[in-house]
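Heads up: the sequence shown begins at 71 in my numbering, then just goes up one per residue. Using N, Cα and C, we set each Cβ at its ideal position, and we do this for glycine too.
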Amino acid sequence: MSQEENLNQRWKKILLNPKDNIIAILAFISIFLAIGPILPGVSWFSLGNFSLDMINFYHTIMIPFAFLLILYTSELLDLDILERKVVNLSTYPILFLTFLGMVFFYPASTQGADYVLQGMRDVWMLVLALMFFVYLLMLPFKNRKKFRNIWGAYLLIVIATISGGIAAVMGMIYEYGLLFGYASIPLLNRDVAAWGGLQTFLGNLLTSHSHQMLPAVEGGIVGLTAISLGYEKLSAVKRNIVNIGMVISIFGTISMTYLYVISSFGTYVIPTIFPFGAGGMNGLALDDSQTGIVGIGALISIIGLYYILSRRPVERLVQLSEILTWIAVMSVMVGVGYAMEFNETYYGFGSPGVPPNGGPGFRHDLAFTDGHLLFAFFLMPLVAGIILVLMRYLRGQEKEKRIIAYLIMAGTVIGAFGVMEYMLTLFWVVEAIGLALLILAVILITLTLGKETISSVE
């Protein structure tokens, strides 16, 4: 073999190696998590919704993370070799376009290029997601035995993929409308006018995109965890407990998706259930009840998954840290979020004023908005997905695994309590400590996997 052929083979081995590509994605994510606090306009703790700068930073991390989940799932389920090759070969282009999107985001003179680059990246991701979905649907026909053993988790992953894809399209439609409007698309422009006008439509789209995407991703991670742990090896009774939890999460994902679609593309207004208080301010929003069902299904699955946890102390510790992230998300979203919704006459939906037009505790509502976005919608799904990578690809390294697991557990508990502290007192430092520990764990996972890979080459 010539030197040129040898070099080509080496490059193919690098570009088509899923572990190496996953490490590259983790390195990208870790670097941006580390430098996030010093990026212009990126303010982690600012009352209310994320700023435009923070949203751009958030997507700089979470879009590569979504790509990582596609890559991980493709390898875990052993999808068609063509699909896996295309996904692996897309790793560096996706990272490069995302990096350029961040660089060109800030100068006013390069914003046009930024729109093009991020648009290219988003379309590429959408094509990959469609390809992934098609080959995912083929799995039951190619491996019926495997499907019968993992049908609950598999179907949850399928439904989560559909829901996440719809949310992604909503985000792209929102971005186009925000930048250019819909005058160039007469049919859509006419419908938007009938649905309440551009600003109403964009507001509904943005809400649906953000509120649908993360529960869908988190539901998919629950299904991936069950398969990663090997729940098909459980007895029929315990496996069915897990599947019952998966079916409940599937129902929640479908109903949530339906609500967000009809509230975005139409005049349907998501109602409050059990309303009371001034103007019916207090009560649970119907969409939040459905996203809660996704989490309830995950908690039920834990009952069965507990019996498949490793008997090796360190491996078990890592697996427990994964499950703890689910519990923490539910404690914040249901334990704190639902309690606030039943007291909106005080919290005022984040608006100053007197009920039903606001509330005296509006700043605390804004604090929860920021706190739960950072914790439950950002670091928790990110860490939960990366733990799966750790479980699958890191062999040995028990000391490092133990440290990582303790960092994740400490960061998760402190972060969850920190969200509540932030909401109650407007003091965000406790949550910041929890998030810092979680970021440190992600960086340590990246370094440990990278070190192991380099050692194996040597």
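Taking the straight line between their C-alpha atoms, what separation do you get for A91 and Y408? Taking the sequence shown and counting its residues from 1, the one referred to as residue 91 is at position 21. Taking the sequence shown and counting its residues from 1, the one referred to as residue 408 is at position 338. Before going further, note that residue 91 is Asn rather than Ala in the sequence given. The straight-line gap from Cα to Cα measures roughly 40 angstroms.
Please identify the residue among G118, I297, R381, G322 whose C-alpha is closest to the C-alpha of Y142. Looking up residue 142 in the sequence shown gives position 72. Ranked by how close their Cα comes to the Cα of Y142, the residues G118, I297, R381, G322 have I297 in first place.
Near S391, which residues of its chain fall below 7 angstroms by C-beta distance, leaving aside the five closest residues on each side in sequence? Sequence index remark: in the sequence shown, residue 391 carries index 321 (1-based). The residues are I457, A475, I478, M479.
At a cut of 8 angstroms, does the stretch 370-379 reach the stretch 315-329 through at least three beta carbon pairs? yes
Taking only the alpha-carbon atoms, compute the straight-line gap between L139 and L510 and give it to the nearest angstrom. Here residue 139 corresponds to residue number 69 of the sequence shown, with the count starting at 1. Here residue 510 corresponds to residue number 440 of the sequence shown, with the count starting at 1. So the two alpha carbons sit approximately 21 angstroms from each other.
According to DSSP, is I343 helix, strand or coil? In the sequence shown, counting from the first residue as 1, residue 343 sits at position 273. It is a strand residue.
Tell me, please, whether the stretch 388-404 touches the stretch 336-352 by the rule of three or more beta-carbon pairs shorter than 8 angstroms. The stretch 388-404 vs the stretch 336-352: no contact.
Would you call the stretch 423-442 in contact with the stretch 479-493, where contact means no fewer than 3 C-beta pairs closer than 8 angstroms? yes
Buried or exposed: where does K124 fall if 16 or more other Cβ atoms within 10 Å of its Cβ makes it buried? In the sequence shown, counting from the first residue as 1, residue 124 sits at position 54. The question names Lys, yet the displayed sequence has Met at residue 124. Per the 10 Å Cβ criterion, buried.
Following the continuous beta strand (DSSP E) through A355, name the residue where it begins and the one where it ends. In the sequence shown, counting from the first residue as 1, residue 355 sits at position 285. Looking at the DSSP string, the run of the beta strand (DSSP E) that includes A355 is 352-355.
On the three-pair Cβ rule with 8 angstroms, is the stretch 428-436 touching the stretch 372-385? Output reads no: the stretch 372-385 does not touch the stretch 428-436.
If G455 and F135 are in contact, beta carbons under 8 angstroms, what's the gap, nearest whole angstrom? Position 385 of the sequence shown holds residue 455. Position 65 of the sequence shown holds residue 135. With 8 angstroms as the limit, G455 and F135 qualify as a contact, their Cβ atoms being about 6 angstroms apart.
To the nearest whole angstrom, what separates the beta carbons of V399 and G365, a pair I think is in contact under 8 angstroms? Within the sequence shown, numbered from 1, the residue matching residue 399 stands at position 329. Within the sequence shown, numbered from 1, the residue matching residue 365 stands at position 295. Contact flag correct, Cβ pair sits at about 6 angstroms.
Which first and last residues belong to the alpha helix (DSSP H) in which Q269 is found? Counted from its first residue, the sequence shown places residue 269 at position 199. Where Q269 is concerned, the enclosing alpha helix (DSSP H) stretches over 268-299.
Assuming N119 and M172 make a contact with CB atoms under 8 angstroms, what is their CB distance in whole Å? What you label residue 119 is simply residue 49 of the sequence shown in a count that begins at 1. What you label residue 172 is simply residue 102 of the sequence shown in a count that begins at 1. About 20 angstroms separates the two Cβ atoms, so there is no contact after all.
Report the rounded CA-to-CA distance for L147 versus R154, giving the unit in angstroms. As a position in the sequence shown, residue 147 is number 77, starting the count at 1. As a position in the sequence shown, residue 154 is number 84, starting the count at 1. Roughly 10 angstroms separates the two Cα atoms.
Using 8 angstroms as the Cβ pair cut-off and three pairs as the minimum, do the stretch 297-306 and the stretch 212-228 touch? yes
With three or more beta-carbon pairs closer than 8 angstroms as the criterion, would you say the stretch 182-189 touches the stretch 489-508? At 8 angstroms Cβ cutoff, the stretches do not touch.
Any contact of the stretch 241-255 with the stretch 209-220, i.e. 3+ C-beta pairs under 8 angstroms? no
Express the C-alpha separation of P345 and Y417 in angstroms, rounding to a whole number. Here the question's residue 417 lines up with position 347 in the sequence shown. Here the question's residue 345 lines up with position 275 in the sequence shown. Rounded to the nearest angstrom, the two C-alpha atoms are 15 angstroms apart.
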